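Count along the sequence shown from 1, add 1, and you get the number used in this note's numbering. Even for Gly, the Cβ is constructed at its ideal location relative to N, Cα and C. Only a predicted model underlies this, so the values are computations on that prediction, with no experimental measurement involved.
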Amino acid sequence: MSVLSNAEYDIYHIAHSGVPLLRDVEQLNPDVIIIDIESPNRDMLENLNQISQFAPKPIIVFSEQQNTHTTINQMVKSGVSAYVVGEVNQTRVKSIIDVAIARFEVFQGLKRELADTKQKLSSQKNIDKAKRWLMETKQLSEIDAYHFIRKIAMDNSQKMDDVAKNILSVASIF
Numbered sequence: 002m003s004v005l006s007n008a009e010y011d012i013y014h015i016a017h018s019g020v021p022l023l024r025d026v027e028q029l030n031p032d033v034i035i036i037d038i039e040s041p042n043r044d045m046l047e048n049l050n051q052i053s054q055f056a057p058k059p060i061i062v063f064s065e066q067q068n069t070h071t072t073i074n075q076m077v078k079s080g081v082s083a084y085v086v087g088e089v090n091q092t093r094v095k096s097i098i099d100v101a102i103a104r105f106e107v108f109q110g111l112k113r114e115l116a117d118t119k120q121k122l123s124s125q126k127n128i129d130k131a132k133r134w135l136m137e138t139k140q141l142s143e144i145d146a147y148h149f150i151r152k153i154a155m156d157n158s159q160k161m162d163d164v165a166k167n168i169l170s171v172a173s174i175f
């Protein structure tokens, strides 16, 4: 992409279609991945999917021709942060890259937040199950069961979730 070489960007690698990109991305660790392609094929989409899964980076796709709605959706699901059709002049490149990076960072933040929320929900479910087991087997109130788990966690410098998992592990034996 000649527009990039004329701009303020360093181009470290130019990959050719059909070559797995994940290895190159892991070795070079680029700030942004820019792909110039007529029309993405299944192999390219698979490459993008692997990059997004194992070495997430902002991905910008420049295409000479408009693709189908389905192809665009597949690219977005594969981690493409920006999809640009047609000629691109040097003045637009920086803003396209900046927007793609910003969109990528927002998306990564949402993914982290979702993962954290799922983890907290899973922990809370474990604690609730352990409390129920203690309430049924030890005839404790819900508050006492909670305090029991909390005390063990504090005494052993463990997370309540880990203590709850241990209790549930013991409970599964009985």
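One alpha carbon belongs to Phe63, the other to Asn127, and they sit about 47 Å apart. Around Lys58, the same chain offers Val26, Pro31, Val33, Ile34 and Ile52 as residues with beta carbons nearer than 7 Å, after the five sequence neighbours per side are excluded. In the structure shown, the three-state DSSP call for Tyr84 is strand.
In the three-state scheme derived from DSSP, where H, G and I count as helix and E and B as strand, Asp129 is classed as helix. Contact between Ile150 and Lys132 holds, with the beta-carbon distance rounding to 7 Å and staying under 8 Å. Going by C-alpha positions, Ser142 is about 15 Å away from Lys152. By the Cβ neighbour-count rule, Ala116 is exposed, with fewer than 16 other Cβ atoms within 10 Å of its own. The Cβ atoms of Leu23 and Asn48 lie closer than 8 Å to each other. Per the coordinates, the alpha-carbon of Val171 lies some 12 Å from the alpha-carbon of Asp163. With contacts defined by Cβ atoms closer than 8 Å, Met161 and Ala146 do not form a contacting pair.
For Phe63, no alpha helix (DSSP H) encloses it; the enclosing beta strand (DSSP E) starts and ends at Ile60 to Ser64. Contact between Ile97 and Val85 holds: their C-beta atoms lie close to 6 Å from each other, under 8 Å.
Straight-line measurement puts the Cα of Asn74 at about 25 Å from the Cα of Ile15. Contact between Asn50 and Ser82 does not hold, since the beta-carbon distance rounds to 14 Å and is not under 8 Å. Excluding five sequence positions before and after Ser173, none of the CB atoms of its chain fall closer than 6 Å to its own CB. Ranked by Cα distance from Ile60, the options Gln91, Leu169, Phe108 and Thr92 are led by Phe108.
Taking a contact as a CB-CB distance under 8 Å, the pair Glu39 and Gln66 counts as one, their CB atoms being some 6 Å apart.
Judged by DSSP in its simplified three-state form, Asp37 adopts strand.
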